[in-house]
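Heads up: the sequence shown is residues 1 to 1019, going by this note's numbering. C-beta atoms are modelled at their ideal positions from N, C-alpha and C, and glycine is treated no differently. Structure, as structure tokens:
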Amino acid sequence: MFGYLASATGRLWLTASHGGKSRIFSTSPNLADQGVPTPAVPPLDGSSASYLEDMYNSWLNDPKSVHSSWDAYFRHSQSGETGYMRPPSFALPSTLGYLSSSKAAAGAPASAPTAAAATAATPQTIQEHLTVQAIIRNYQMRGHLAARLNPLEPMFEIEDKTSTISEQLGKPPPEVINQHKLEPSMWETSFKLPSSTMIGGSDGQTLSLKEIIKRLELTYCRHVGLEYMHINDPEQCSWIRERFEVPGVTELKKPEKRLLLTRLAKAVLFEAFLQKKWSSEKRFGLEGCEVLIPCIKTIIDECAKRDAEMAIIGMAHRGRLNVIANVCQKPLNIIFSQFRGLQAEDEGAGDVKYHLGVYNNRELPASKKPFTTVLVANPSHLEMVNPVCAGRARAEQFYRNDPEGKKVITIVMHGDAAICGEGIVYETINFANLSDYHNGGTIHFVVNNQVGFTTDPEFSRSSLYSTEVGKVVGAPIFHVNADDPESAAYVAKVAAEFRSKFHKDVVIDLIGYRRHGHNEADEPMFTQPFMYQKIKKMPNIFEKYSAAAIKQGVVSEAEVKEFKDQTDKILEEEFGKAAKLTSMRFADWIDCPWPGFFKKQTPLKCMPTGVSLEALDHIANKFAHLPSEDFELHKALMRVIHMRQEMVKNHTADWAIGEALAIGSLLQEGTHVRLSGQDVQRGTFSHRHHTVHHQSKANTKYTYLKDLHPNQAPYSICNSPISEYGILGFEHGYSMANPDSLVIWEAQFGDFANNAQPIFDCMVASGQWKWVRQCGLVVLLPHGLEGQGPEHSSTRVERFLQLSSDDPDFLPPDDPDYVVRQLRDINWIIANCTTPANLFHVLRRQIKLPFRKPLLICTPKSLLRHPEARSKFDEMIDGTEFKRIIPATGPASENADNVKKLVFCSGKVYYDFMKEAKEKKIEDKIAIARVEQICPFPYDLVQQEAKKYHKAQIAWGQEEHKNSGCWTYVNPRFETALKGERDILYIGRAPSSSTASGNKIQYQKEYESLLEELVKNCQ
């Protein structure tokens, strides 16, 4: 045997072994003359020469007794073509990273094994090896650039699986081969394939360059463009190569082709039927990308075979009706009825048909097991549904004890213009590998129309593809021609397998077109005349694929006609049923039913929110204890713990303790609590400290409230990325899954919720009215003008109040039950609490109500440690409840007739007002009441306070500017409550386009002016 060893300088030593012995020889001088590096070694000694002589004699007796390379060498030596000391032909070790060639040795006897006996390693040979290696890698990295991905350009025939671009052009595609200089002699030369490719398949590891390039083109340059070389994990790259490079591996079996044709027919014929019946009505059809439907169904089938139980699907309007019909299996007559505009039987405003959600549970033929399909309702903000789907999937996985995401999968469809234009896409994809937000991998489809509304790609993105965002998390990206159904279906199958194995995101770029304009009433020829001239000539994909299937012998022409006729008949029958419907129900379109939840509730009755003193003591003591004796806390945190211990001894709660008591008591009662947001574990203002870190042991931490009781519910407290839009959407989706959980999102500052405003507007505020979808999400928004500038002051509560659905001119009846009814009828609840006890009750009330409503709380900053913002445990025990208004206290309340001014206010400014009243010694002249629940407005309690102080001037006081804060909301409601009999005075800052001054002097002047206005006419 022989081989080569690399020297420290990179040179090669020739080694030979025979008869159990081995020797090392120098390379021959004539190779050095040709430029091959030669190690500086002494001449061969006698023993080495004797060794070669023994091997030579052995070869003379039996050529098979020596290695084939030495056999070739001795044959060459006998022919006189080489000198004695020229080393034999060799194959470079694969560990050196080279390819080896196997040119037949000139003049070698016919019996010489030419596959193993190759030419000497000349500089030219080495260069050829490197070139072939680079060509293979180039196809793997850049072959997608040459692939025929656009159905509007020339394609390969669907049934022809062997044609290549090289055969059509007469040369390899320049995108991948231009930089390589290939000599004509190389085309028929055979090269050993490296381990980095699998194109050899069962044909061995040696192929001619011509065959290598052909197989690479069949893999990378037909109708699938593969982008995966950006993935850092070699196992994943090899896995993908195995699914695409092995010859014949992508070929579908006959049953798979028949199923594909059936699914494709349903998708195409459904769109054609809608076009026939409602040709000018908006429906945002899928024509041009109908293969999306069989692709989604393939993914569901493949995942179901691997124990998946549910698919959470998110998409915009394009093709939504087709997905509802053919993926979610919504009855066709119910879909068709949406075109008629029937009167609804239940409450709500509804939404357009291509925004509605679906929830369906049925048995899949592929797995013979029940499978739930959820299509999440989505507004016209195209990508908004992405984080909602991610959060919903994460929640479903949590409740199914599915940490790897095997049981619940997420499928999201994007538009090609939206995926690269909407920042929410990046925010959501960034969740993929975060421990508290990942969901086992999302399969992303890009329904690529090659135009966004009227804008061409060159004006809408800077990248070649719209899918570059997928590379952020190392997702494989499969570009596929939508007019090759078999390639698309195979890619979908591989995507499902990849997601199931590696639990990572996958992107499928389905490149097609849209047959009509942005909607069916739009004229696309205005802006894309040449594109649409081509599109008008395009046969639909069912016609195209059925012809190919008939040609392949997959189906007969009669079978295709029969199936088409049957499908048309079913569509007409369902259309007839729809015509007989006289009404509809919004609830038929709900995407998150809560089976049994409402049946177990007592309407208009809120369960008690107080808890026993023993329970409070237990939770408080656990929250105030040290994690363990040897757990080293930060010195400042030790002081916090000691302060907590002192308060707990006195049965007193600050804001952090009040919050912990609310969360802890719900956990003990079996309610799962999830608190998410930037820095929530510590708290932005260093007040919460639910998770503490060991100061001298890395990666050692302890989370409070997780060990209150052996049978308690799980507590999840999750530091989030710096994202508001995405995280709020995620937590909204999470809260949809289970009504018996408390899901909380906290903004770092209330102002930062500005970035999440689309979620508030389109989903949180209006979700129930549009989609009959209740939601119990809690949002904590730190609020208060404290001289920290315009972006760290205001929650912009006026925006949320403006979105409230209550009527300012309607005075609720004087009925105790109407307190809960107000909550039921409003779209959400907005509070600005001033005491830990009220925070405790309002958080617990979220779970104790017989329905679910979003709750927005303007949480404090300075009040987190304010000595007067304290509550006794007695205010949270059994029999206590949330106070919508905290009446005025002190001397004013003891002599109401002496009060000159009754001021209603909300939040932190109450303590500023009280301090000023004390300093001015007018506590008996001014009564200050706190409106803790701003929306829905507490008309009854306002009336009680006003009646008590019947001689006083009534005012609303706020620290915000007049065009901000609560004033514009409360003013007309005060007038309604007071029945126009008393005026309401405004106390606050003047209008401003900025929420707060960032200048300390200016801020102080405004603050002093506010307090002067408060005490005016009270002294």
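Could you pull out every residue in the same chain whose Cβ sits closer than 6 Å to the Cβ of residue i, ignoring the five residues on either side in sequence?
{"i": "Gln681", "result": "His690, Thr691, Ile717 and Asn719"}
{"i": "Thr859", "result": "Leu780 and Pro782"}
{"i": "Gly288", "result": "Gly512, Tyr513, Arg514 and Arg515"}
{"i": "Thr835", "result": "Ser871"}
{"i": "Leu843", "result": "Ala662"}
{"i": "Leu849", "result": "Cys606"}
{"i": "Ala304", "result": "Leu364, Ala366, Ser367 and Phe371"}
Thinking residue i and residue j are a contact (beta carbons under 8 Å), I'd like their distance in whole angstroms, please.
{"i": "Asp416", "j": "Val446", "result": "5 Å"}
{"i": "Asn540", "j": "Val224", "result": "Their Cβ separation, rounded to whole angstroms, is 21 Å, which puts Asn540 and Val224 out of contact at 8 Å."}
{"i": "Ala929", "j": "Ser583", "result": "Wrong, their Cβ atoms sit about 47 Å apart, outside the cutoff."}
{"i": "Arg1023", "j": "Ala737", "result": "This structure cannot speak to residue 1023, because the chain is shown only from 1 to 1019."}
{"i": "Leu342", "j": "Leu581", "result": "6 Å"}
{"i": "Lys908", "j": "Ser862", "result": "6 Å"}
{"i": "Val388", "j": "Gly314", "result": "7 Å"}
{"i": "Ile829", "j": "Cys905", "result": "Actually they do not touch by this definition, with Cβ atoms about 19 Å apart."}
{"i": "Ala149", "j": "Asn481", "result": "One detail in the question is off: residue 149 reads as Leu in this sequence, not Ala. Yes, they are in contact, since the Cβ atoms of Leu149 and Asn481 sit about 5 Å apart, within 8 Å."}
{"i": "Val554", "j": "Lys254", "result": "6 Å"}
{"i": "Ala587", "j": "Ser337", "result": "In fact, because the Cβ distance is near 14 Å, the residues do not count as touching under 8 Å."}
With a CB to CB cut of under 8 Å and the five nearest residues on each side skipped, what residues in its chain are close to residue i?
{"i": "Leu252", "result": "Leu260, Glu486, Ala489 and Tyr490"}
{"i": "Lys210", "result": "Trp187 and Glu188"}
{"i": "Thr976", "result": "Pro808, Asp809, Phe810, Leu811 and Tyr939"}
{"i": "Met155", "result": "Arg148, His223, Asn481, Asp483 and Asp484"}
{"i": "Leu1011", "result": "Asp912, Phe913 and Glu916"}
How many angstroms separate the CA atom of residue i from the CA atom of residue j?
{"i": "Asp301", "j": "Leu801", "result": "46 Å"}
{"i": "Asn971", "j": "Glu881", "result": "27 Å"}
{"i": "Ser460", "j": "Gln757", "result": "24 Å"}
{"i": "Ala927", "j": "Asn838", "result": "20 Å"}
{"i": "Thr82", "j": "Thr467", "result": "Low local confidence applies: a pLDDT of 38 at Thr82 is under 50, so the model's placement there is unreliable, with the coordinate-based value given in what follows. Going by the C-alpha atoms only, they are around 58 Å apart."}
{"i": "Ile299", "j": "Ala765", "result": "34 Å"}
{"i": "Val819", "j": "Lys407", "result": "42 Å"}
{"i": "Gly789", "j": "Phe749", "result": "12 Å"}
{"i": "Glu791", "j": "Gly998", "result": "9 Å"}
{"i": "Lys947", "j": "Pro887", "result": "12 Å"}
{"i": "Ala349", "j": "Val358", "result": "17 Å"}
{"i": "Asp654", "j": "Ile857", "result": "17 Å"}
{"i": "Ala753", "j": "Asn138", "result": "46 Å"}
{"i": "Met141", "j": "Tyr228", "result": "8 Å"}
{"i": "Phe563", "j": "Lys192", "result": "50 Å"}
{"i": "Ser280", "j": "Glu523", "result": "11 Å"}
{"i": "Leu1014", "j": "Arg989", "result": "11 Å"}
{"i": "Cys775", "j": "Leu742", "result": "10 Å"}
Answer with buried or exposed for residue i, where buried requires no fewer than 16 other C-beta atoms within 10 angstroms of its C-beta.
{"i": "Arg852", "result": "buried"}
{"i": "His317", "result": "buried"}
{"i": "Asn61", "result": "exposed"}
{"i": "Glu659", "result": "buried"}
{"i": "Leu332", "result": "buried"}
{"i": "Ser994", "result": "exposed"}
{"i": "Met638", "result": "exposed"}
{"i": "Asn621", "result": "exposed"}
{"i": "Pro1031", "result": "Coverage of the chain is limited to positions 1 through 1019, which leaves residue 1031 absent and any answer about it impossible."}
{"i": "Leu434", "result": "exposed"}
{"i": "Asn449", "result": "buried"}
{"i": "Trp956", "result": "buried"}
{"i": "Ala892", "result": "buried"}
{"i": "Ile1001", "result": "exposed"}
{"i": "Pro43", "result": "Below a pLDDT of 50, predicted positions are generally treated as unreliable, and Pro43, at 42, falls in that range; no measurement from the model is reported."}
{"i": "Phe974", "result": "buried"}
{"i": "Met525", "result": "exposed"}
For residue i, I'd like the list of residues in its chain whose CB is within less than 7 Å of its CB, leaving aside the five on either flank, ordered along the chain.
{"i": "Tyr399", "result": "Ala737 and Asn738"}
{"i": "Leu667", "result": "Val673, Leu705, Leu708, Gln712, Ala713 and Tyr715"}
*Inspect the CB distances between the segment 528–536 and the segment 461–481 and report whether three or more fall short of 8 Å.*
no
*Is the segment 320–331 touching the segment 364–372, taking contact as three or more C-beta pairs under 8 Å?*
no
_Any 3 or more C-beta pairs closer than 8 Å across the segment 130–141 and the segment 180–200_ = Judged by Cβ distances under 8 Å, the segment 130–141 makes contact with the segment 180–200, as three or more pairs qualify.
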